[in-house]
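Colleague: Submitted below is the structure of interest, expressed as structure tokens.
Residue numbers (mature numbering (1 follows the signal peptide of the UniProt record, and there is no 0)): -20 to -1, 1 to 379.
Laid out in structure tokens, this is it:
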């Protein structure tokens, strides 16, 4: 777990050299995907790391996935290589340790809860029902907003395009003067509609997270009497569950936002083309408007069709995660890779911590190399001791 976080730190140092807009989530996403795709077997992943040019691999990944959002400092290779060389040997050991730790934790919980199996099943069933009731309004609201906003967009833009087509026929001899204001207004209408679409459809991730927190807190309280002596282990497992469920909320917001951006990307060039054709001939402008009118209908309908089910899919995913958690605590849990969520959770927490450290200590033009895990722990202990000494030492009186 710490290895993964530390390798992520390397990438963080590399890409925070000159551009502050790179976020910890972007960095974590790239590196976590890299690790999980490299190999499902941690030992093989270590061997692969040792055989390949990891610096080039990560550099290419960041350039492909983050694009212009990052700029590499000159000394990035000198920072990456020592970290990877020192830490890669610990990957398999650390991953397996966490896996065994989580496995033992679940076994202890199962042993404690086994005598109360019926009560546990009933408690989870009631909690799932409440979760569905709490989440349903979000899915319904998302569907309603999609239908309302897409219909409003077509109602505003389609008649306006038709008006422009009529104006062309009536002003053939004075095309540029009569059409330029209309083309400019069309662009303004389009941009305004896209902004309204974003404002109304972007899911309320923070509200969803609050709903998740409340639901899991209710579950924890209900299970507490059944887990006497192992409540800390239950709390730890529920932290992992909360991380997974909240990640789904963030992914929902990302997916919807991405679909809105794609819709804008598909239609914006057609709107721009109308403006450019105003300076040309009648046939070119007429064709441009026809293309826009046709694509507006097709693209908006495709957007509605793909985004509308996302709210319900999100709700089902959360209920499924809760059901999987219940199964992990049951007698027939099977082999579950639940330790991965704890690895990723720790990784992202460390990225946020490191990012904060860089923002406080480092200059954008002079990035500072982050310490290795052992060094970081020692520094944290030293800082804690210094702070403790400052608190007990009396401050000199002001003259």
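All residues carry an ideal CB built from backbone N, CA and C; glycine is no exception.
1) From this set, 88, 322 and 199, which residue's C-alpha is nearest residue 111's C-alpha?
2) Have a look at 129, 328, 79 and 115 and flag the residue whose alpha-carbon is nearest the alpha-carbon of residue 191.
3) Only counting runs of 4 or more residues, tell me where the alpha helix (DSSP H) segments fall wholly within the segment 68 to 104, in order along the chain.
4) How many angstroms separate the CA atom of residue 136 from the CA atom of residue 144?
5) Considering Cα atoms alone, identify which of 279, 262 and 230 is closest to residue 245.
6) Have a look at 161, 320 and 151 and flag the residue whose alpha-carbon is nearest the alpha-carbon of residue 77.
7) Going by Cα to Cα distance, which pick from 299, 81 and 259 is closest to residue 217?
8) Can you check which of these residues, 175, 105 and 296, is closest to residue 467 by C-alpha distance?
9) Could you pull out every residue in the same chain whose Cβ sits closer than 8 angstroms to the Cβ of residue 277, ignoring the five residues on either side in sequence?
10) Can you give me the C-alpha to C-alpha distance between residue 305 and residue 101, rounded to a whole angstrom?
11) Determine the burial state of residue 186: buried for a count of at least 16 other Cβ atoms within 10 Å of its Cβ, exposed for fewer.
12) When burial is assigned at 16 or more other CB atoms within 10 Å of the CB, is residue 84 buried or exposed?
13) Does the distance from the C-beta atom of residue 391 to that of residue 159 stay below 8 angstroms?
14) Is it true that the CB of residue 93 sits closer than 8 angstroms to the CB of residue 234?
15) Report the three-state DSSP secondary structure of residue 60 (helix, strand or coil).
16) With a threshold of 16 other CB atoms inside 10 Å of the CB of residue 291, please say whether the residue is buried or exposed.
17) Below 8 angstroms between beta carbons: does that hold for residue 164 and residue 239?
18) Please classify residue 317: is it buried, with 16 or more other beta-carbons within 10 angstroms of its beta-carbon, or exposed?
19) According to DSSP, simplified to helix, strand and coil, what is residue 176?
Modeller: Concretely, from the data shown:
1) 199
2) 115
3) 71 to 93
4) 13 angstroms
5) 279
6) 320
7) 81
8) Residue 467 is absent from the model: the chain starts at -20 and stops at 379.
9) 134 and 138
10) 11 angstroms
11) exposed
12) exposed
13) Outside the shown range of the chain (-20 to 379) lies residue 391, about which nothing can therefore be said.
14) no
15) Annotation note: pLDDT 43 at residue 60 (below 50); position unreliable, coordinate value reported separately. In the structure shown, residue 60 sits in a helix (DSSP, three-state: H, G or I).
16) buried
17) no
18) exposed
19) helix
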